[in-house]
Amino acid sequence: MRTKQRHPLRFRSALAAAVAAVTAAGRAWGAAEILADESVPRLRWASAELRAALVTAGQPVIARPPAFLSAPVNATGALRIVVATGTGETARTAAALAVAPAKSAAPQAYSIRRTATPMGTVLAVLGADSAGAMYGMLDLAEAAGHGRLDMVGDSDHAPFIERRGIKFNVPLDVRTPSYSDCGDAAQANIPEVWNPDFWRAFLDAMARHRFNVLTLWNLHPFPSIVKVPGFLDVALDDVLRTRAPLDDTFDFTGTDMVRPGMLANVEVVRRMTIDEKIRFWQFVMDMADARGIEVYWFTWNLFTWGATGKHGITGEQDDPVTLAYMRASVRETVTTYPKLAGIGFTAGENLKPFAAGRSKEAWLRRTYGEGVLDALRQQPGRNVRLIHRVHMTGLDEILNSWSGFPLPMDFSFKYSVAHMHSIANPPFIAPLLPQLGPARRTWLTVRNDDIYSFRWADPDYARDYLRAMPGPDKCAGFAMGPDGTVWGRDALLHPEAGTPPLIIVKHWMSFMLWGRLAYDPALPDDLFLDEIRRRFPGVPAGELLRVWTAASRVFPAITSFFWGDIDLRWFPEACLSHPRHKGFYTVRHFMEGATMPGAGCVDIRSWCVAVRDGRDPGGRTPPEVAAGLRANAEAVLDALPGLHGVARASQDAEFARTLLDILAMARLGQYYAEKVDGAAALAAFDLTGEPGARELAIHHLESARTAWAAYAAATTQQYRHPVLYNRVGVVDIPALTAKVEADVRIALNWRAGTLAWPARPASP
1 MRTKQRHPLR
11 FRSALAAAVA
21 AVTAAGRAWG
31 AAEILADESV
41 PRLRWASAEL
51 RAALVTAGQP
61 VIARPPAFLS
71 APVNATGALR
81 IVVATGTGET
91 ARTAAALAVA
101 PAKSAAPQAY
111 SIRRTATPMG
121 TVLAVLGADS
131 AGAMYGMLDL
141 AEAAGHGRLD
151 MVGDSDHAPF
161 IERRGIKFNV
171 PLDVRTPSYS
181 DCGDAAQANI
191 PEVWNPDFWR
201 AFLDAMARHR
211 FNVLTLWNLH
221 PFPSIVKVPG
231 FLDVALDDVL
241 RTRAPLDDTF
251 DFTGTDMVRP
261 GMLANVEVVR
271 RMTIDEKIRF
281 WQFVMDMADA
291 RGIEVYWFTW
301 NLFTWGATGK
311 HGITGEQDDP
321 VTLAYMRASV
331 RETVTTYPKL
341 AGIGFTAGEN
351 LKPFAAGRSK
361 EAWLRRTYGE
371 GVLDALRQQP
381 GRNVRLIHRV
391 HMTGLDEILN
401 SWSGFPLPMD
411 FSFKYSVAHM
421 HSIANPPFIA
431 PLLPQLGPAR
441 RTWLTVRNDD
451 IYSFRWADPD
461 YARDYLRAMP
471 GPDKCAGFAM
481 GPDGTVWGRD
491 ALLHPEAGTP
501 PLIIVKHWMS
511 FMLWGRLAYD
521 PALPDDLFLD
531 EIRRRFPGVP
541 AGELLRVWTA
551 ASRVFPAITS
561 FFWGDIDLRW
571 FPEACLSHPR
581 HKGFYTVRHF
591 MEGATMPGAG
601 CVDIRSWCVA
611 VRDGRDPGGR
621 TPPEVAAGLR
631 ANAEAVLDAL
641 PGLHGVARAS
651 QDAEFARTLL
661 DILAMARLGQ
671 YYAEKVDGAA
681 ALAAFDLTGE
691 PGARELAIHH
701 LESARTAWAA
711 YAAATTQQYR
721 HPVLYNRVGV
731 VDIPALTAKV
741 EADVRIALNW
751 RAGTLAWPAR
761 PASP
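If you count the sequence shown from 1, position 603 lands on 603 in the working numbering, and the numbers rise without skipping.
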């Protein structure tokens with residue numbers, strides 16, 4: 001007990017001695033000092049971020065070694081930033097500075113304390129762990145970049161959602177494809193995902209936006225990432241890409257993702273041995289860990305691309321060689337990558353529902369489950385998270401088949417199916433929630449198959465969506481991303497635009513909103529306004545965010561009204577589904593369409609019947625949806641001339657491109673407003689036979705045609721068309737003008753009574 005009492009006194013005595021020496025040096029240096037233990041990779045990376053921000057702000061910086069951590073006082077007029085991690089170190093630092101201790105010891109939590117001394121100002125970052133300390137340093141770097149470091153005061157922070165992830169369909173090689181590989185973006189990004197500079201920039205951006213999970217999705221990645229004893233011929237050297245033209249005829253389940261013609265016409269995009277590939281992904285995972293990011297591999301099953309025919313591997317579910325190969329591949333993936341946080345897997349798209357003992361779940365347990373157990377026997381004490389997707393299976397089936405499995409397992413659920421930009425509280429998870437609890441949690445797969453082209457921003461929608469997610473007793477975290485494209489480098493820009501930016505850089509505001517608000521949904525809009533001012537000096541930030549938000553609201557408004565659950569059924573950028581579904585959605589499709597469950601919208605036919613019967617329709621009506629779309633579009637178009645004037649004066653190319661995206665979204669909103677009104681009027685004509693209703697429909701659909709032409713003009717100023725997407729096929733906005741024109745002809749030729757209607761209720 002006596003020793004414990006003397007420890008703080010020794011700490012303060014050492015502190016006092018060091019203060020005198022460092023203070024004298026501080027007067028000579030006249031520079032800000034960062035005192036952090038840079039032997040810790042996360043602190044080393046964050047220190048570099050903080051130094052760069054301070055230097056950019058005009059403040060010279062000196063980094064100090066850990067020995068100086070006991071001297072958190074600086075020279076007159078200068079600044080010292082002291083970083084402490086862990087409960088013991090943060091408590092000692094707080095006591096030495098006579099500031100309030102850290103509020104939370106939860107993982108990733110941190111507190112910032114400001115104190116003035118006779119010798120200057122001290123900012124202390126008190127991190128519960130290295131991730132929390134890293135985030136605190138990023139807060140200070142951000143404040144320096146915004147010119148607000150002198151306004152930083154005491155604050156306490158802890159994550160609202162513990163794990164905040166990116167879903168990345170990773171196109172490794174033509175021989176080991178992802179689910180998105182039959183599209184332009186995947187083909188363009190095969191070289192990028194083997195480029196260390198790409199991942200360095202990507203992971204930097206993830207950490208700055210407070211994402212801490214990277215999930216890498218591939219149908220069968222193992223031949224490109226591991227060597228499997230007993231199956232060594234499976235391992236693939238070099239990185240290959242097909243030169244064969246791709247089209248929209250690929251199967252939706254990935255079963256023909258590698259066609260013979262693709263393998264017959266390939267190019268080598270990078271020469272690498274399998275050993276070099278392994279070192280590459282180890283390096284990527286080390287970089288991720290140094291930024292507080294966990295990495296997971298996710299697979300679909302059963303696929304054996306790159307392995308079929310080698311060592312007797314057949315790809316058949318009941319083949320013992322294939323089962324042994326898959327189990328060994330899982331084992332080697334875990335043992336080869338010490339920084340791998342876990343493996344996610346799927347009971348589809350190519351597993352068969354065989355009888356008990358040979359079922360999908362039995363196969364998954366014998367491969368993924370036993371494979372991980374094999375790895376942990378070799379590496380005891382390792383933590384590896386298993387994530388079983390609740391997709392093409394059911395929770396009861398999973399629980400029965402995995403009963404007695406000795407490792408904890410999470411689940412994963414498609415939270416908004418394919419459309420996160422729809423409503424903030426999607427209802428689809430409700431039946432699953434009663435079966436979840438602290439020992440049985442799910443991840444949320446948050447699919448963004450809504451917006452591939454345009455820069456999106458709506459802080460209120462993001463806050464509401466994140467706050468509505470199930471709490472930590474049921475939700476382990478989320479992973480956000482698309483299936484229809486690849487979040488690598490932007491493959492949409494015209495070639496003459498130069499090197500395309502990373503998607504996470506181009507869409508910086510969207511990623512900032514989702515990442516930062518997932519960590520803390522109470523963050524005010526002031527933070528995002530400050531970032532706009534930093535990126536676009538001289539731009540009226542409040543006005544830009546207002547019109548940006550108005551334009552961005554097109555997507556939730558139309559998707560919640562005209563619902564197609566999965567990505568191949570609804571791509572709102574083009575009013576399109578895959579050609580094997582319905583292709584372009586005509587005015588008839590809109591008349592017959594359904595609204596999103598839980599959205600509170602009334603579909604067109606239900607609204608017509610309610611009006612006919614004199615009833616309250618009981619929700620947001622088609623005219624109200626159209627009016628909202630039109631109001632947001634008009635708000636944007638009224639403000640854009642002034643913002644375009646600022647863009648011309650600033651000659652800021654990125655700002656100009658952002659305004660083009662905002663314009664395109666506003667024009668798309670105009671189109672959908674007129675299309676909804678036109679479909680509602682034509683349905684009213686079908687029900688009543690009133691000629692004026694058809695004339696009104698024609699008027700709205702002609703206006704929709706005009707809006708689409710303006711939309712096509714805005715879109716093609718910076719984006720190439722046509723473009724091939726994995727799940728919706730070829731998208732060609734200018735060519736779709738003919739389909740838009742056809743809606744007018746449909747209305748001109750429409751005959752009343754074409755649709756089926758319920759009879760009018762009998763009079764009482």
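Glycine included, C-beta positions come from ideal geometry on N, C-alpha and C.
Task: Cβ-based neighbour list, R200, same chain, cut-off 8 Å, excluding 5 preceding and 5 following - done: Around R200: M287.
- [ ] Using a threshold of 8 Å, state whether the C-beta atoms of F278 and I225 are closer than that.
- [x] The identity of residue 278 in the sequence shown is Ile, whereas the question assumes Phe. For I278 and I225, yes; Cβs fall inside 8 Å.
Open item on the list: Is there a C-beta anywhere in chain D that falls below 8 Å from the one on P107?
Closed with: The structure shown contains no chain D, having only a single protein chain.
TODO: Give me the Cα-Cα distance between L232 and L323, rounded to the nearest whole angstrom.
DONE: 16 Å
Open item on the list: With three or more C-beta pairs closer than 8 Å as the rule, is the segment 516-524 touching the segment 407-415?
Closed with: no
Open item on the list: Please report the straight-line C-alpha distance between P260 and C182, rounded to a whole angstrom.
Closed with: 14 Å
Open item on the list: Which of the three DSSP states is assigned to I313 in this structure?
Closed with: coil
TODO: Pick out the complete beta strand (DSSP E) segments inside the segment 317-381, 3 residues or longer, and give them in chain order.
DONE: 340-345
Open item on the list: For T308, report the span of its beta strand (DSSP E) as first-last.
Closed with: Here T308 belongs to no beta strand (DSSP E), and DSSP marks it neither H nor E.
Open item on the list: Nearest by alpha-carbon distance to W281: which of P470, F211, T333 is it?
Closed with: T333
Open item on the list: Assuming K675 is part of the alpha helix (DSSP H), what are its boundary residues?
Closed with: 653-688
- [ ] Return the first residue and the last residue of the alpha helix (DSSP H) that M257 is part of.
- [x] From DSSP, M257 is part of no alpha helix (DSSP H); its letter is neither H nor E.
Open item on the list: Please report the distance separating the alpha-carbon of G348 from that of M257.
Closed with: When rounded, the distance between both Cα atoms is 15 Å.
TODO: With distances taken Cα to Cα, identify the nearest neighbour of L444 among T336, D460, P426, G488.
DONE: P426
Task: Distance CB(D237)-CB(I190) smaller than 8 Å - done: no
Task: Alpha carbon of S39 to alpha carbon of A131, nearest angstrom - done: 14 Å
Task: Neighbour-count burial assignment, E531, 16 or more Cβ in a 10 Å radius - done: buried
TODO: Tell me, please, which residues DSSP counts as bridged to C601.
DONE: The partner list for C601 (beta bridge, DSSP) reads R620.
Open item on the list: Relative to the C-alpha of R241, which candidate in P434, Q187, V213 has its C-alpha closest?
Closed with: Q187
- [ ] Please list, in chain order, all residues of the same chain as A106 whose beta carbon is under 7 Å from its beta carbon, the five residues on each side excluded.
- [x] A128, A158
Open item on the list: If I follow the unbroken alpha helix (DSSP H) through R389, where does it start and stop?
Closed with: Run containing R389: none in the alpha helix (DSSP H); it sits in the beta strand (DSSP E), 385-389.
Task: Whole-number beta carbon distance between L138 and V122, since they are thought to touch under 8 Å - done: Not confirmed; about 19 Å, so no contact.
- [ ] Tell me where the alpha helix (DSSP H) around L138 begins and ends.
- [x] 130-145
TODO: Look at the Cβ atom of P579, then the Cβ atom of D248, and state whether they are nearer than 8 Å.
DONE: yes
Task: Simplified DSSP assignment, three categories, for T93 - done: helix
TODO: From the DSSP output, read off the bridge partner residues of V82.
DONE: In the DSSP output, where bridge partners are listed per residue, V82 has L35, A124.
Task: 8 Å contact criterion, which G145 and T56 should meet: CB distance rounded - done: 7 Å
Open item on the list: Between which residues of its own chain and T215 is the CB-CB distance below 6 Å, once the five residues before and five after are set aside?
Closed with: G165, K167, Y296, F298, A479
- [ ] Under 8 Å by Cβ, that's how I've got Y719 and S453 pegged, so tell me the actual separation to the nearest angstrom.
- [x] In this structure Y719 touches S453 by the C-beta definition: roughly 6 Å separates them, less than 8 Å.
- [ ] Specify whether the segment 671-689 and the segment 465-472 touch according to this definition: at least 3 beta carbon pairs, one from each stretch, less than 8 Å apart.
- [x] no
Open item on the list: Does N383 pass the burial test, meaning 16 or more other C-beta atoms within 10 Å, or should it be called exposed?
Closed with: Note on N383: under 16 other CB atoms within 10 angstroms of its CB, so exposed under the neighbour-count rule.
TODO: Going by CA-CA distance only, name the one from M509, R667, Y325 that's closest to E654.
DONE: M509
Task: Nonlocal neighbours in the same chain, by C-beta distance under 6 Å from A747, ignoring five residues either side - done: Taken in chain order, the residues that qualify are L682, A697, I698, L701.
Open item on the list: Let's test the definition: count the other Cβ atoms within 10 Å of the Cβ of T255 and tell me whether it reaches 16, buried, or not, exposed.
Closed with: exposed
- [ ] Identify, in the order they occur along the chain, each residue of the same chain with its Cβ nearer than 6 Å to the Cβ of M392, setting aside the five sequence neighbours on each side.
- [x] A347, G348
- [ ] Spell out the partners DSSP gives Y719 in its beta bridges.
- [x] L493
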